[in-house]
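Chemist: Okay, here's the structure, questions in a sec.
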Amino acid sequence: MNTQDFSLRHIGTLSHDADEMLSVIGKNSIDELIDATIPADIRFEKPLQLPDALSEYEILQHLQQLAENNKKARSFIGYGYYRTILPSPIQRNILENPGWYTAYTPYQAEIAQGRLEALLNYQTVVSDLAGLPIANASLLDEATACAEAMHMVREARSRNKKDANKFFIADDVLPQSLAVCETKASGLGIEIVTGNPLEFDFDENFFGALLQYPGRSGQIIDYTDLISSLNSKGIKVTVAADLLALTLLKSPGEMGADIAVGTSQRFGVPMGYGGPHAAFMACTEEYKRVIPGRIIGVSQDRYGKFALRMALQTREQHIKRERATSNICTAQVLLAVMAGMYAVYHGKDGLQFIAQNVHQKAVRLYDALNELGYKTIHNNFFDTVQIEAEGIAKGKFESNQILLNFFEDGKISIALDEVTSEDELNKLIQVFADIKGKSIDKVEFSEAKIPASLVRTSDFLMNDVFKSYHTETELMRYIKRLERKDLALNHSMIALGSCTMKLNAATEMLPLSWAGFNTVHPFVPKEFAAGYQEMIENLENYLSEITGFAATSVQQNSGAQGEYAGLMVIRSYQIDNGEAHRNVVIIPESAHGTNPASAAMAGMKVVVVKNLPTGETDIEDLKAKLEIHKENLSALMITYPSTYGAFDANIKEVTDLVHAAGGQVYMDGANMNAQVGLTAPGMIGADVCHLNLHKTFAIPHGGGGPGVGPICVASHLAPYLGSHPLIETGGEKSDTVYSAAPYGSSLILLISYSYIRMLGEKGLTNSTKHAILNANYLKSRLEKYYDVLYTNENNVVAHEFILDFRPFKKLGIEVSDIAKRLMDYGFHAPTVSFPVAGTLMIEPTESEGKAELDRFADALIQIKNEIDEVANGDFEQDNNVLKNAPHPLDLLTADEWNFPYSRQKAAYPLEWVMDRKFFPPVSRIDDAFGDRNLICTCPSVESYVTE
Numbered sequence: 005m006n007t008q009d010f011s012l013r014h015i016g017t018l019s020h021d022a023d024e025m026l027s028v029i030g031k032n033s034i035d036e037l038i039d040a041t042i043p044a045d046i047r048f049e050k051p052l053q054l055p056d057a058l059s060e061y062e063i064l065q066h067l068q069q070l071a072e073n074n075k076k077a078r079s080f081i082g083y084g085y086y087r088t089i090l091p092s093p094i095q096r097n098i099l100e101n102p103g104w105y106t107a108y109t110p111y112q113a114e115i116a117q118g119r120l121e122a123l124l125n126y127q128t129v130v131s132d133l134a135g136l137p138i139a140n141a142s143l144l145d146e147a148t149a150c151a152e153a154m155h156m157v158r159e160a161r162s163r164n165k166k167d168a169n170k171f172f173i174a175d176d177v178l179p180q181s182l183a184v185c186e187t188k189a190s191g192l193g194i195e196i197v198t199g200n201p202l203e204f205d206f207d208e209n210f211f212g213a214l215l216q217y218p219g220r221s222g223q224i225i226d227y228t229d230l231i232s233s234l235n236s237k238g239i240k241v242t243v244a245a246d247l248l249a250l251t252l253l254k255s256p257g258e259m260g261a262d263i264a265v266g267t268s269q270r271f272g273v274p275m276g277y278g279g280p281h282a283a284f285m286a287c288t289e290e291y292k293r294v295i296p297g298r299i300i301g302v303s304q305d306r307y308g309k310f311a312l313r314m315a316l317q318t319r320e321q322h323i324k325r326e327r328a329t330s331n332i333c334t335a336q337v338l339l340a341v342m343a344g345m346y347a348v349y350h351g352k353d354g355l356q357f358i359a360q361n362v363h364q365k366a367v368r369l370y371d372a373l374n375e376l377g378y379k380t381i382h383n384n385f386f387d388t389v390q391i392e393a394e395g396i397a398k399g400k401f402e403s404n405q406i407l408l409n410f411f412e413d414g415k416i417s418i419a420l421d422e423v424t425s426e427d428e429l430n431k432l433i434q435v436f437a438d439i440k441g442k443s444i445d446k447v448e449f450s451e452a453k454i455p456a457s458l459v460r461t462s463d464f465l466m467n468d469v470f471k472s473y474h475t476e477t478e479l480m481r482y483i484k485r486l487e488r489k490d491l492a493l494n495h496s497m498i499a500l501g502s503c504t505m506k507l508n509a510a511t512e513m514l515p516l517s518w519a520g521f522n523t524v525h526p527f528v529p530k531e532f533a534a535g536y537q538e539m540i541e542n543l544e545n546y547l548s549e550i551t552g553f554a555a556t557s558v559q560q561n562s563g564a565q566g567e568y569a570g571l572m573v574i575r576s577y578q579i580d581n582g583e584a585h586r587n588v589v590i591i592p593e594s595a596h597g598t599n600p601a602s603a604a605m606a607g608m609k610v611v612v613v614k615n616l617p618t619g620e621t622d623i624e625d626l627k628a629k630l631e632i633h634k635e636n637l638s639a640l641m642i643t644y645p646s647t648y649g650a651f652d653a654n655i656k657e658v659t660d661l662v663h664a665a666g667g668q669v670y671m672d673g674a675n676m677n678a679q680v681g682l683t684a685p686g687m688i689g690a691d692v693c694h695l696n697l698h699k700t701f702a703i704p705h706g707g708g709g710p711g712v713g714p715i716c717v718a719s720h721l722a723p724y725l726g727s728h729p730l731i732e733t734g735g736e737k738s739d740t741v742y743s744a745a746p747y748g749s750s751l752i753l754l755i756s757y758s759y760i761r762m763l764g765e766k767g768l769t770n771s772t773k774h775a776i777l778n779a780n781y782l783k784s785r786l787e788k789y790y791d792v793l794y795t796n797e798n799n800v801v802a803h804e805f806i807l808d809f810r811p812f813k814k815l816g817i818e819v820s821d822i823a824k825r826l827m828d829y830g831f832h833a834p835t836v837s838f839p840v841a842g843t844l845m846i847e848p849t850e851s852e853g854k855a856e857l858d859r860f861a862d863a864l865i866q867i868k869n870e871i872d873e874v875a876n877g878d879f880e881q882d883n884n885v886l887k888n889a890p891h892p893l894d895l896l897t898a899d900e901w902n903f904p905y906s907r908q909k910a911a912y913p914l915e916w917v918m919d920r921k922f923f924p925p926v927s928r929i930d931d932a933f934g935d936r937n938l939i940c941t942c943p944s945v946e947s948y949v950t951e
């Protein structure tokens, strides 16, 4: 065994196990299985052209060199990104802990109570500081949150505002937020108007306005009277705010704002050259059923015990599809958890101390600059001082490893943060003194520059959780208590179809903690980020090679954002070629709900094409729809292999028909884990695809985010890839921007880069083959007990398959009962009721070994025996081990046991469960109770129970 070969660590199946598995499947070799799985006309004829694989030791040496190529500099750029101090217990116990970063989205709430509590803490922080009653559990970044707020307000317009189509953005809003809003507005047909809000004459055609607080210049303004005036005209106001500043400043809610958005990056999350960071949104009660993203709500389990769950609109785009008001289906959970825990650790007093320290240093800088003769622009600020730039050159500062904000014409902004030390401040002042040829004595703090009318007087973070864990010992234990309530990949396989919960290798994760990567501001000159630039360029080239396309953009922060960007690229191309009328997108009925939602966000009209009973696209229905819409056809959106888990043999015919009708082909890359090294979107005839790096390319799901959704495009679409207002990137014909940072969540691109470099061409291809092997092995073991819905003509599946549980409804048993019962066996349920209601979609991934696959299969086989017991009349349909699952420890150890089966049967249905037992902390949660009684912040101390 070559212990330096990373593929042997990543791929779970050993060679002798593979032989046994192939025997069960009925194939003589893995290549025979692949030949039976993927149509011959779309197979690669030669290997991928990628660098040779590196060992784990070699990749770390390589990445260390890249980190050193990022020039060390003190960033005072600001503009929504600040240096932070990540408390060591949060770094060690959350960021670097697979118990937190390998968990899945908390759709199965009973085994996600720890993560849900951490997110409830985060929502409480946001709600308290924003002064608004409802907060979500994070969005992708601040710019996206601004755009989402604009869309949300437009869709929720009052009847007398239905014709209003103008949205105002203050000229002090961050430029990246303006750019993302402009892109979003172009798809939705919204007219954006910018200007000074205090001098602007608003007419009846405006439905909303966006203000920045503090503004990008650093100035703080009391907008109370303005907001009151706008509200009287029916204009809803969103305030983009700084969470740390809000510990000292009057809240947006107290000013009368309807919505507050921003980023929580300042709460201990590294800059990482742009992300990932958790954005926030808070709002009035009016928007609680339309707010994008996820809301964590308080509920109870079936026995009345306090429990948490995702509430209300969760995954609403999968239900409403093209009628959804947002296409976002992921969040930035891991980063929201870190930011919330930062607030838990520091508490109200600690956060105010940090904020006061930042403000005092900013005031000292302001006083020093005035004493030196510089002209300051404003005298009301929190952390950012702005001066006139005449006679000041970047070079003097850059030679001293100091980076200032020179983006404003004729002005310079200097933003201080919690990392700014006395030495740094004095050195910064000294450089300004040298430019003037003056000397300056140490400047003492004078009066604060926060006007009395803006000083915060309202309380915040008064819940017990923010008062109890200020020592490292207590915080460490609190984090561990929460972790023990969650089932993650460090406990057992999570076989979620279409979600690809594979190994997130420790070596891939280590560099995220390195200062050479995580302290880089996203708007530094490119020469200061040479290591990042090399890594990103290489990664984009690798992804282009893997997908068979000409160019790649990594700017998008999620798969849904990638879908949207891919469609906007097609739209830009068609407009540029005089085909602006092409606005119809054809989407199979099997598609992810985000597909039609993304199309709607891009201003497209959705037309659904049928799938055959075999799962393939209905060619005759496609032809009919193409004939009807060929004059206005923009694109086809298709997932391949299909969401039903098979490589459709007619895919080339499908793409050829669309091209013949003048349309483009967009491929949803959710199932790329079945393609890499064997075929590619370019081979099937696609023009653009998005990839989920948090699926196929090993970025961990982090409990529901972060994600990255790059788009890869053919040469004719490359000029239209996303750009950025501050850093040159993207295509030469592009005017679209999708994320606040030019390269999106750059820090976690290191994971996918390392994954590709360590596996190389052979390792990547073998990973795909073993993903297909594992899926077919499980399918072969389980098809004797359950109906498998879709296979190809050779009776094989791709990397995932669907089991049908609808036949058991006649026994009163639903697929949700199976999902809950799997918890008692120590497993997270596969994907429930998607793409077909009443089913489980199972994807084991290549990282699981035969032993774990067998345990999972044994669990489902034993569950079939439990179903048979109900069918045979051994147990009543409404009182059996399935309907009562899961069985938490307090129930199993109670003095009374009033169930018709034993505690042993409930807790340890198979012998091996004893050694691997995971006890869900609560019983089945009452969803309806939570929706009727929405609480999305920490309840009062009396009712808030941690244990």
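Using my numbering, you'd call the opening residue of the sequence shown number 5 and step up by one each time.
All C-beta atoms in this analysis are idealised placements derived from N, C-alpha and C, irrespective of residue type, glycine included.
Quantities reported herein were computed from a predicted structural model and do not represent experimental measurements.
(1) Please name the residue in Gly135, Ile46 and Asp23 whose C-alpha comes closest to that of Thr683.
(2) Looking at Pro710: is its Cβ nearer than 7 angstroms to the Cβ of Gln336?
(3) Bridge partners of His891, per DSSP?
(4) Am I right that Pro714 and Val558 are in contact with their C-beta atoms under 8 angstroms? What's the rounded C-beta distance?
(5) Run through the DSSP bridge pairs and tell me what His694 is partnered with.
(6) I need the straight-line Cα distance from Ala40 to Tyr108, nearest angstrom please.
(7) Buried or exposed, going by whether 16 or more other CB atoms sit within 10 Å of the CB of Arg936?
(8) Between the beta-carbon of Gly767 and the beta-carbon of Ala57, is there less than 7 angstroms?
(9) Checking 7 angstroms against the spacing of the C-beta atoms, do Val611 and Lys627 come in under that value?
(10) Use the C-beta contact count for Lys78: other C-beta atoms within 10 angstroms, 16 or more gives buried, fewer gives exposed.
(11) Look at the Cβ atom of Tyr577, then the Cβ atom of Tyr378, and state whether they are nearer than 7 angstroms.
(12) Buried or exposed, going by whether 16 or more other CB atoms sit within 10 Å of the CB of Thr461?
(13) So for Ile391, helix, strand or coil by DSSP?
(14) Do Leu408 and Phe80 count as a contact pair if the criterion is CB distance below 7 angstroms?
(15) Looking at the structure shown, is Glu24 part of a helix, part of a strand, or coil, going by DSSP?
(16) Whole angstroms is fine: what's the gap from Glu451's alpha carbon to Pro201's?
(17) Suppose contacts are defined by Cβ-Cβ distances below 7 angstroms. Is Val265 in contact with Ala282 by that definition?
(18) Taking 7 angstroms as the cut-off, decide whether the C-beta atoms of Val389 and Ala366 are in contact.
(19) Could you spell out where the alpha helix (DSSP H) holding Pro600 opens and where it closes?
(20) Using the beta-carbon count (16 or more within 10 Å), is Phe10 buried or exposed?
(21) In three-state terms, what does DSSP make of Tyr905?
(22) Is the beta carbon of Ile483 sitting closer than 7 angstroms to the one on Asn97?
(23) Could you check the C-alpha separation between Tyr747 and Gln560 for me, to the nearest Å?
(24) What residue range does the beta strand (DSSP E) around Met285 cover?
(25) Could you check the C-alpha separation between Phe553 and Gly681 for me, to the nearest Å?
(26) Are Ser142 and Ala286 closer than 7 angstroms when you measure CB to CB?
(27) Considering Val243, what are the terminal residues of the beta strand (DSSP E) in which it resides?
(28) With DSSP as the reference, label Glu847 as helix, strand or coil.
(29) Which same chain residues end up closer than 7 angstroms to Asn587 when comparing Cβ atoms and leaving out the 5 residues on each side of it in sequence?
(30) Quick one: is Val459 buried, meaning 16 or more other Cβ sit within 10 Å of its Cβ, or exposed?
(31) Shortest alpha-carbon distance to Asp691 belongs to which of Ile760, Ile929 and Asp672?
(32) With a threshold of 16 other CB atoms inside 10 Å of the CB of Ala898, please say whether the residue is buried or exposed.
(33) Out of curiosity, what's the CA-to-CA distance linking Ala744 and Gly193?
(34) List the endpoints of the continuous beta strand (DSSP E) containing Ala519.
(35) If distances are taken between C-alpha atoms only, which option among Gly16, Tyr85 and Leu12 comes closest to Leu857?
(36) Report back the beta-carbon spacing between Pro93 and Glu476 to the nearest angstrom; my notes put them in contact at under 8 angstroms.
Modeler: The structure says:
(1) Ile46
(2) For Pro710 and Gln336, yes; Cβs fall inside 7 angstroms.
(3) His891 is not bridged to any residue.
(4) 5 angstroms
(5) Asp672 and Ile715
(6) Going by the C-alpha atoms only, they are around 32 angstroms apart.
(7) exposed
(8) Annotated as proximal: Gly767 and Ala57, with beta-carbon spacing under 7 angstroms.
(9) no
(10) One point to set straight first is that residue 78 is Arg, not Lys, in the sequence displayed. Under this definition Arg78 is a buried residue.
(11) no
(12) Within a 10 Å sphere around the beta-carbon of Thr461 sit fewer than 16 other beta-carbons, which makes this residue exposed.
(13) strand
(14) By the CB criterion at 7 angstroms, Phe80 and Leu408 fall inside the cutoff.
(15) helix
(16) 28 angstroms
(17) For the 7 angstroms CB-CB criterion, Val265 and Ala282 do not form a contact.
(18) yes
(19) Thr598 to Met605
(20) buried
(21) coil
(22) yes
(23) 8 angstroms
(24) Looking at the DSSP string, the run of the beta strand (DSSP E) that includes Met285 is Ala283 to Cys287.
(25) 14 angstroms
(26) no
(27) Lys240 to Ala245
(28) coil
(29) Gly607, Met608, Lys609, Asn636 and Ser638
(30) exposed
(31) Asp672
(32) exposed
(33) Linking Ala744 to Gly193 through their CA atoms gives a straight-line distance of about 21 angstroms.
(34) Ala519 -> not in any beta strand (DSSP E); alpha helix (DSSP H) instead, spanning Ala519 to Asn522.
(35) Gly16
(36) The beta-carbon distance between Pro93 and Glu476, rounded to whole angstroms, is 5 angstroms. This is short enough to meet the 8 angstroms contact definition.
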